[in-house]
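First up is the structure itself, then whatever we jot down about it.
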């Protein structure tokens with residue numbers, strides 16, 4: 284229960300930081316916040332057909348599992364590793380999708 288409250292507070296603080304910023308800046312800050320909280324690298328891409336073109340975030344060279352997540356027809360996210368707990372990952376993805384649609 285305590286972790287859920289901490290996560291929700293962190294999410295609210297992140298939302299406040301990115302308010303009224305352009306999409307690329309929002310995504311860069313989100314990537315930084317995810318790295319500082321989970322030690323997980325993420326990066327965001329703009330999708331054009333089958334091509335995912337980097338626009339923000341941090342990638343790495345570690346041989347960790349990489350997961351691609353479709354956020355919208357236009358944007359995708361790549362996550363290295365499995366450090367983000369499943370329940371928080373779903374809430375985080377919902378938050379990011381909401382931010383991309385505004």
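Residue numbers (my numbering): 284 to 385.
Cβ atoms here follow ideal geometry from the backbone N, Cα and C, with glycine treated the same way.
Nearest-angstrom Cα separation, counted from residue j out to residue i
| i | j | result |
| --- | --- | --- |
| residue 370 | residue 331 | 30 Å |
| residue 317 | residue 341 | 10 Å |
| residue 321 | residue 350 | 15 Å |
| residue 385 | residue 375 | 16 Å |
| residue 326 | residue 311 | 8 Å |
| residue 301 | residue 348 | 28 Å |
| residue 381 | residue 319 | 21 Å |
| residue 315 | residue 339 | 10 Å |
| residue 292 | residue 355 | 25 Å |
Extent of the continuous beta strand (DSSP E) run through residue i
| i | result |
| --- | --- |
| residue 328 | 325–331 |
| residue 353 | 349–353 |
Where residue i falls, given that 16 or more other Cβ within 10 Å makes a residue buried
| i | result |
| --- | --- |
| residue 299 | exposed |
| residue 309 | buried |
| residue 289 | exposed |
| residue 328 | buried |
| residue 363 | buried |
| residue 287 | exposed |
Residue i and residue j closer than 8 Å at C-beta
| i | j | result |
| --- | --- | --- |
| residue 366 | residue 323 | yes |
| residue 353 | residue 306 | no |
Bounding residues of the alpha helix (DSSP H) (the contiguous stretch that carries residue i)
| i | result |
| --- | --- |
| residue 373 | 369–384 |
| residue 320 | 306–321 |
Closer than 8 Å is the cut-off here; do at least three beta carbon pairs connect the stretch 353–366 with the stretch 329–340? In this structure the stretch 353–366 touches the stretch 329–340; the number of beta carbon pairs closer than 8 Å is three or more.
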